[in-house]
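*Asks:* Numbering (the UniProt record's numbering), first residue to last: 1 to 50.
1. Hey, would you say residue 18 sits closer than 7 Å to residue 32, going by beta carbons?
2. Rounded to the nearest angstrom, what separates residue 38 and residue 45 at their Cα positions?
3. Just to confirm my understanding: we take residue 21, look at its own chain, exclude 5 residues before and 5 after, and list those with CB closer than 7 Å. What are they?
4. Just to confirm, are residue 42 and residue 12 a CB contact at a threshold of 7 Å?
5. Count the other CB atoms, across all protein chains shown, that sit within 10 Å of the CB of residue 36; report buried if there are 16 or more and exposed otherwise.
What follows is the structure in structure tokens.
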């Protein structure tokens, strides 16, 4: 259970970092959007599993 919460926390940090990158660096916003979708999917999967 502790490992799941750690993974969710790490995934949330990456999602937050992706939002910051997408907001301040317009050139890489499309790449950041792909990473955001991937990390949000990972986070939802971890929440549903745990």
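A virtual CB, placed ideally from N, CA and C, is assigned to each residue, including glycine.
*Replies:* A quick look at the data gives this:
1. Translated into the one-based positions of the chain shown, residue 18 becomes position 18. Translated into the one-based positions of the chain shown, residue 32 becomes position 32. Yes. Within cutoff.
2. Taking the chain shown and counting its residues from 1, one reaches residue 38 at position 38. Taking the chain shown and counting its residues from 1, one reaches residue 45 at position 45. Taking the straight line from one Cα to the other gives about 11 Å.
3. Within the chain shown, residue 21 is the residue found at index 21, counting from 1. Hits under 7 Å: 28 and 32.
4. For this step, residue 42 is matched to residue 42 along the chain shown. For this step, residue 12 is matched to residue 12 along the chain shown. No. Outside cutoff.
5. Residue numbering aside, residue 36 sits at position 36 when the chain shown is read from its first letter. By the 10 Å Cβ count, residue 36 comes out buried.
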